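Below is one structure, written out as structure tokens; the observations come after it.
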Amino acid sequence: MLKKTLFQLHWFFGITAGLVLALMGVTGALVSFQDEILQALNPTTLKVQMQDSGVLPPAALVPKLEAAQGKSIAALWVEADTGLASRVFFTPPPGERRGELRYFNAYNGEMLGDVIGDGFFGFTLQLHRFLAMGEIGKNITGACTLILVFFCLSGLYLRWPRQALNWRAWLTLEWAKKGRAFNWDLHAVAGTWCLLFYLLLSITGLCWSYDWVREGLTSLLTDAPKAHEQGQQRGRGKRPMPPSGPVEVNYDAVWDSIRDQAGPELRAYNLRLAPQGQPLTVFYLLNDAPHDRAYNSLIIEPLSGKVRHSERFADKALGGQLLDSVYALHVGSYFGLTGRILNTVAAMSMPLFFITGWLLYLDRRRKKRQVRVARQGLDGGAAQGNAWLVGFASQSGFAEQLAWQSAGQLQAAGLAVRVEPLARLTEQDLRQASHALFVVSTFGDGEAPDHARSFERKVLGQAWSLSHLNYAVLALGDRQYQHFCGFGQRLHHWLTERGARSAFAPVEVDSADPLPLQHWQEQLGQLTGAQPIMAWQAPLYENWTLSERRLLNPGSQGAPVFLLGLTPPAPHSWEAGDLVEMMPRLSTDVPLSTQAREYSIASLPADGPLELIVRQERHPDGSLGLGSGWLTEHAPLGAAIRLHVRRNAGFHAPKPDAPVILIGNGTGLAGLRSLLKARIAKGQARNWLIFGERHLAHDFLCQDELQGWLANGNLQRLDLAFSRDQAKKIYVQDRLRENARELREWVADGAVIYVCGSLQGMAGGVDAVLREVLGNDTVDSLTEQARYRRDVY
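Residue numbers (this note's numbering): 37 to 829.
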């Protein structure tokens, strides 16, 4: 829930505050190199010829500058030994905050010409700090800077990989990716590179936006300011008001004090006048200063030149130095030229996150819109006149998906449709329909999917007359089994025997092969007279990062079992019970296989990485299985794993809440674990797990987690069957039989039974015990009511 909430806030703020932050980033980057840009544009104005005699003292400069401009001076910035032009700030007119700024030659006191670009950078700074909107703009930029802190922290949390020390998972951008996957990778990886810069920019920037930030940093980094320091904290409060008229100053005495304090290493000084009778402030920079804002300060009596207070940057504690270096930290100059360049690149990258964020948002909106359009008008179950009947039988959800896609193609041709699972079809449904499509999968070696078993038992043996019915069959299966597409073939033969007419030969699909699926789509186009606008899209396989691989059964006599963590390229959602289809390979040097491998998901999106529990398979010749070998041994941590998440509605948690009995062995724990996690997250504790493996000492997968749930009441019952820990082997079906009374009680209370694990042995044995204890009619009824669900292999 936390992760989902953070994600929603992250994208919401991104599409609202992102544009302001992009503007602030670009303008801030320009301002950070303002001096260099202006000097390049004004080489004859902003650079002066250095003279051995040195710059003129304030006593000579001030009267000359005031006479040239006819205005009194508020402050001087004198470059003593840099060859750069100096600056004079004249007293502002009444009611205005800033006075006129002019450049001059400190060696002779002559005014220099106008500076090209000075107005542009003044406006750029106004955009950066206030959006050129005054106090309203300041509030907006301050709020957006706070949001930038949230972006940094929430983005870090949202993409945190399980293998946090694997730098490739953090910093590597896969250029081969395309579309949404590349946009997300660019957004996340570039964000990681810029993370520290953005945190530094935002925290220092907030010092100018909010007093509480500035005061908080002052309290954190330094002791409370002493009385004589009030009013002179640079960048920590409002500047003192400039004098409103001429101020009497003994500039010779002041200059002597400056030289005495600074010595021969004086590089530049800033003299600020105050109203009559108040001390003046001087900031000065030495040649060996660590950065261009490492100022030393003096408080000087204007007439006597007496130094009231002297403060050197080098003498301060680290906290004080950091506080006085807020601007240098903000623009990167604290870390020298390299820091400024990196800081500027990060700031200039702000628009990248605004653009990629919007592209990801628009892509998400487009996909949601496509789903709504595809299913619009297809959710109703009532027959309408000559509506086409689309029946499906699905074990893992793929046949259901294809049924809806087929219905969408029919609807696009202007035909009314009705989509139903085979388990709901009755004799009346088949007699009323004149046209029907059947999209059915075969489970295991020729069996009907669990939810279609009652249809096969009750319907396929009936001698109904269906001569009015025109139909087509799309059969899904796996050629690894002897009875490939067995259930689809039996359905086709029965329909033919009942007199129904097949529009074209059944289309048989081996493991989601796209070619026969395209043939099915083309046949539908010929059947309806309207060719499809576009081919169905194949499942979108994306590169997920293998971020964790942990052995769960060290010392086991059986094959090793691993918990695998896979980090998505973008936030993904799935439900407990869903599956992944993974494209394996023999090694990183071998191309991807063309028959996908299927695994149950063992985690929830809120857990972070998608988790699988996979047993390493070895063939009789000692070679590793293709899918398990790739995941458990050949693929290095950080490798890209091509997979996509597939909905498996038949194994989702019950709605509304009901007790659940979870039965599985070995790696079948994966699907059961995700269901348990989902129920625990909702506070549903009526959970009974029956789990089996070889030895308690080595094969109790996820032992600490399961026993923890049992101890805190999230798991009401836990029955274990470790087959090799005693002379007589004990399996999960034996534990089920031993608890026959409790089984009947739970079923009577509305329990839903989930079975996950091996088809051979375990699943058949469990089914036999269920029929023995509950009776065939009850088990068949549970299947029809979707209260007996299986995910077996």
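Built from N, CA and C at the ideal position, the CB exists for glycine as well. Note that the coordinates shown come from a computational prediction; the quantities given were computed from them, not determined experimentally.
Answer with buried or exposed for residue i, where buried requires no fewer than 16 other C-beta atoms within 10 angstroms of its C-beta.
i, result
"residue 158", "exposed"
"residue 206", "buried"
"residue 374", "exposed"
"residue 422", "exposed"
"residue 557", "buried"
"residue 486", "buried"
"residue 211", "exposed"
"residue 324", "exposed"
"residue 748", "exposed"
"residue 90", "exposed"
"residue 389", "buried"
"residue 141", "buried"
"residue 789", "buried"
"residue 709", "buried"
"residue 692", "exposed"
"residue 60", "buried"
"residue 699", "buried"
"residue 605", "buried"
"residue 126", "buried"
"residue 48", "exposed"
"residue 386", "buried"
"residue 279", "buried"
Please go through the same chain and pick out, in chain order, the residues whose beta-carbon is closer than 7 angstroms to the beta-carbon of residue i, but skip the five residues on each side of it.
i, result
"residue 439", "426, 428, 455 and 475"
"residue 193", "42"
"residue 540", "508 and 559"
"residue 224", "195"
"residue 314", "none"
Suppose the cutoff is 6 angstroms on Cβ atoms and the five residues either side in sequence are ignored; what does the same chain contact list for residue i look like?
i, result
"residue 734", "589, 591 and 592"
"residue 451", "424"
"residue 675", "582"
"residue 632", "617 and 619"
"residue 815", "806 and 807"
"residue 446", "424 and 453"
"residue 830", "An answer regarding residue 830 cannot be provided, because it is not within the stretch 37 to 829 covered by the chain."
"residue 265", "Legend: pLDDT at residue 265 = 43, less than 50; position of this residue unreliable, value from coordinates given subsequently. Nothing listed; no residue qualifies."
Skipping 5 residues on each side, what residues in its chain have a beta carbon closer than 8 angstroms to that of residue i?
i, result
"residue 129", "135"
"residue 270", "In this prediction, residue 270 scores a pLDDT of 41, lower than 50, which makes its location untrustworthy; the coordinate-derived value is nonetheless stated afterwards. Excluding positions up to five away in sequence, the list reads 319, 331, 333 and 360."
"residue 96", "145"
"residue 406", "In this predicted model, residue 406 has a pLDDT of only 48, less than 50, meaning its place in the structure is not dependable enough to derive any value."
"residue 93", "287, 288 and 291"
"residue 654", "595, 660 and 661"
"residue 295", "302"
To the nearest whole angstrom, what separates the beta carbons of residue i and residue j, a pair I think is in contact under 8 angstroms?
i, j, result
"residue 115", "residue 109", "Residue 115 to residue 109, Cβ: 16 angstroms. No contact."
"residue 219", "residue 392", "5 angstroms"
"residue 164", "residue 252", "Not confirmed; about 23 angstroms, so no contact."
"residue 22", "residue 528", "Because the chain here runs from 37 to 829, residue 22 falls outside it and cannot be looked at."
"residue 682", "residue 524", "20 angstroms between Cβ atoms; not a contact."
"residue 177", "residue 66", "Contact flag wrong, Cβ pair sits at about 16 angstroms."
"residue 112", "residue 307", "5 angstroms"
I'd like to check one pair, residue j with residue i: are the Cβ atoms closer than 8 angstroms?
i, j, result
"residue 436", "residue 430", "yes"
"residue 615", "residue 646", "no"
"residue 830", "residue 257", "Past the edges of the chain, shown from 37 to 829, lies residue 830, and the structure says nothing about it."
"residue 773", "residue 726", "no"
"residue 478", "residue 512", "yes"
"residue 7", "residue 338", "In the structure displayed, the chain extends from 37 to 829; residue 7 sits before or after that span and is not available."
"residue 473", "residue 449", "no"
"residue 458", "residue 502", "no"
"residue 768", "residue 800", "no"
"residue 221", "residue 209", "yes"
"residue 346", "residue 297", "yes"
"residue 152", "residue 202", "no"
"residue 819", "residue 489", "yes"
"residue 83", "residue 70", "no"
Requested in this report: Evaluate contact between the region 142–152 and the region 323–337, counting only Cβ atoms and requiring at least three cross-stretch pairs below 8 angstroms.
Outcome: no
Query raised in the report: Three or more beta-carbon pairs under 8 angstroms between the region 758–765 and the region 683–690, yes or no?
Result: Contact check between the region 758–765 and the region 683–690: fewer than three CB pairs, one atom from each, fall below 8 angstroms, which does not count as touching.
Report task. Please determine if the region 809–826 and the region 735–742 are in contact, where contact requires at least 3 C-beta pairs separated by less than 8 angstroms. Result -> Touching, no, given that fewer than three Cβ pairs across the two stretches are closer than 8 angstroms.
Query raised in the report: Do the region 491–500 and the region 460–474 meet, that is, are 3 or more Cβ pairs less than 8 angstroms apart?
Result: yes
Query raised in the report: Are three or more beta carbon pairs between the region 775–787 and the region 809–822 nearer than 8 angstroms?
Result: yes
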